[in-house]
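What follows is a set of notes on a single structure, which appears directly below.
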Amino acid sequence: LVSACFCLLSWKAVQLFVSASVRTSETVPRKASDTAVLEKVQEREWTMPEEAQRPGNLDDENFQAGSSVKLWKDFDPEQAGELELPEFTGSDAPYWLYHFGRTGFFAAQGLVSVAAANLASTLGQSGAESAATDVTPKFLQQFFSSPQTFATITISQSLETFRQDLGYIKDGLFKQPYDMSPRHRQWSPAFIADKGIRYLREATSVLKRSADKADTSTWVDSSEDIYPPYFRHTFHYQTDGWLSTESAKVYESSTETLFLGRQDAMQRTTLVHIAKHLKDLGADPADMKLLEIGCGTGRVHTFIRDNWPSMQTTASDLSPFYLEEARKSNAYWERNFAPSSAKRATFVQANAESLPFAAGNFDVFVSVYLFHELPAEAQDAVFAEAARVLVDGGLFVLTDSVQLGDRPKLDDTIGRFGSFAEPHYQAYIRRDLADLARAHGFEPLAKELSSATKSLSFKKVTVNRNATQAE
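Be aware that the sequence shown starts at 315, since it is given in this note's numbering, and climbs by one per residue.
Structure representation (structure tokens):
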């Protein structure tokens, strides 16, 4: 079935190649405000901090490290040796078959998209003397030069990521993902075809824009109190940035392909902190209120709700297009997988720097893959808002990209992602998040790593109001 779908997708991609190459050659005048922001970021020359000053090493003094921290800190996929494959029988078989199926699917989809983009580049040349641009990403160039090495790295990272995720499930921290069910729409050939065609069309454009270092302004102009300049930017060269329905519909396929099917498992480390917090408090989830900022398409929010359906949750995002996709994704979960007693989620369009909620309104505050796309002053503002809207003793879970020192073997290359239209990434991977948290009244708690992801938790320090008033 998957092979048949790929044949369909590949054929459809051929029809889209020429139109995509023409579309990516069009330019949109960059707005002055966006140009100033980007040039300010790009002018800076980044140096490698001393090893002891890298955030991943500073974390050792500030967070309680889960076993995953040492595992990934020492992990070197090129020196993995003989792969220890899991048993594809017994009670764990459905998990492994599903997740390795995902890895195979997204890896194949990624390779097809690169072939599509290169063919589009070739067909889009107007003159016989013009040389086609090779749009193959650097990390995939290794596949073509050494497929066996690339496969070993991919499989070894996937093995460890999924083994860790399954371990959390066996420890009772969260459930098996609900989308493993054969009832889920992702098993539908029509759904696969729709998502695959959207992805191939998008990837063809993105890879061409990346190779050309194309303009990164969006079609929307606005005052800063609606959309700040850093938001009006096409991160990773995606079409329209965060500001279109098409962008929202293709986002999950794009990011899962980038991580070769590991994204969900990596981001589920967020649930580890929530589960432990609830256990430590002895709290009934029905009595807790959770806010997720920058919820995007709402996928992580469905995992949160699937594990604690009685919890009152709110999902917010600045993009109305992504927020609508999140609402639809959660509505699908409600119709097909939610227990009848599940509470309805609330969806709010809001800038995380200035949230429309009363002080002390939430028990848990969640941010997943938002911080690396924020300038430093916005990161400070988000922490200030988290401190304001959380109750005393409330939990802040921050899940994002690994930083320098988290996986030392990657320190020399991790910054390259910044060239993929990620202007704040270099600063992010150098920032001490524990220090940032303490500046806003939080105490660092725990840390988990999973492949390319780190997940940190912070506790809002309880204020002794009687002492404060006496002073």
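Yeah, the Cβ is synthetic: ideal placement off N, Cα and C, and Gly gets one too.
All figures in this text were calculated on a predicted structure; none of them were measured in a lab.
Exposed unless 16 or more other CB atoms sit within 10 angstroms - verdict on residue i
| i | result |
| --- | --- |
| residue 581 | buried |
| residue 596 | exposed |
| residue 644 | buried |
| residue 501 | exposed |
| residue 369 | buried |
| residue 623 | buried |
| residue 484 | exposed |
| residue 489 | exposed |
| residue 805 | Here the chain has residues from 315 to 785 only, and residue 805 is not among them. |
| residue 653 | exposed |
| residue 316 | At residue 316 the pLDDT is 45, less than 50, meaning the model places this residue with poor confidence and gives no usable figure here. |
| residue 601 | exposed |
| residue 527 | exposed |
| residue 650 | exposed |
| residue 533 | exposed |
| residue 588 | buried |
| residue 461 | exposed |
| residue 612 | buried |
| residue 566 | buried |
| residue 660 | exposed |
| residue 367 | exposed |
| residue 403 | exposed |
| residue 463 | exposed |
| residue 673 | exposed |
| residue 353 | With a pLDDT of 44 at residue 353, under the threshold of 50, the predicted position of this residue should be treated as unreliable, though the coordinate-derived value follows. Residue 353 comes out exposed. |
Start and end residues, alpha helix (DSSP H) containing residue i
| i | result |
| --- | --- |
| residue 525 | 503-526 |
| residue 590 | 583-595 |
| residue 647 | 634-650 |
| residue 540 | Counting along the chain, residue 540 falls outside any alpha helix (DSSP H), and DSSP gives it neither H nor E. |
| residue 428 | 407-437 |
| residue 561 | 559-572 |
| residue 613 | 613-621 |
| residue 463 | 461-484 |
| residue 372 | 369-372 |
| residue 551 | Where residue 551 is concerned, there is no enclosing alpha helix (DSSP H), given that its DSSP letter is neither H nor E. |
| residue 740 | 739-742 |
Beta-bridge partners of residue i, as assigned by DSSP
| i | result |
| --- | --- |
| residue 714 | 768 |
| residue 629 | 606 and 661 |
| residue 760 | 378 |
| residue 773 | 709 and 757 |
Whether residue i touches residue j by CB criterion (8 Å)
| i | j | result |
| --- | --- | --- |
| residue 383 | residue 642 | no |
| residue 626 | residue 657 | yes |
| residue 505 | residue 497 | no |
| residue 632 | residue 545 | yes |
| residue 754 | residue 698 | yes |
| residue 569 | residue 560 | no |
| residue 584 | residue 680 | yes |
| residue 729 | residue 360 | yes |
| residue 389 | residue 758 | no |
| residue 776 | residue 706 | yes |
| residue 764 | residue 579 | yes |
| residue 662 | residue 628 | yes |
| residue 477 | residue 575 | no |
| residue 718 | residue 744 | yes |
| residue 385 | residue 474 | yes |
| residue 435 | residue 450 | no |
| residue 756 | residue 774 | yes |
| residue 422 | residue 518 | no |
| residue 520 | residue 550 | yes |
| residue 412 | residue 480 | no |
N-terminal and C-terminal residue of the beta strand (DSSP E) that residue i is part of
| i | result |
| --- | --- |
| residue 691 | No beta strand (DSSP E) contains residue 691, which is instead part of the alpha helix (DSSP H) from 690-703. |
| residue 753 | From DSSP, residue 753 is part of no beta strand (DSSP E); its letter is neither H nor E. |
| residue 678 | 676-682 |
Closer than 7 Å: residue i CB and nearest the ligand ADP heavy atom
| i | result |
| --- | --- |
| residue 544 | By its list of ligands, the structure shown contains no ligand whatsoever, and the ligand ADP lies outside what it can speak to. |
Residue i at chain C interface by Cβ criterion, 8 Å
| i | result |
| --- | --- |
| residue 763 | Annotation note: the requested chain C is absent from the structure, which comprises a single protein chain. |
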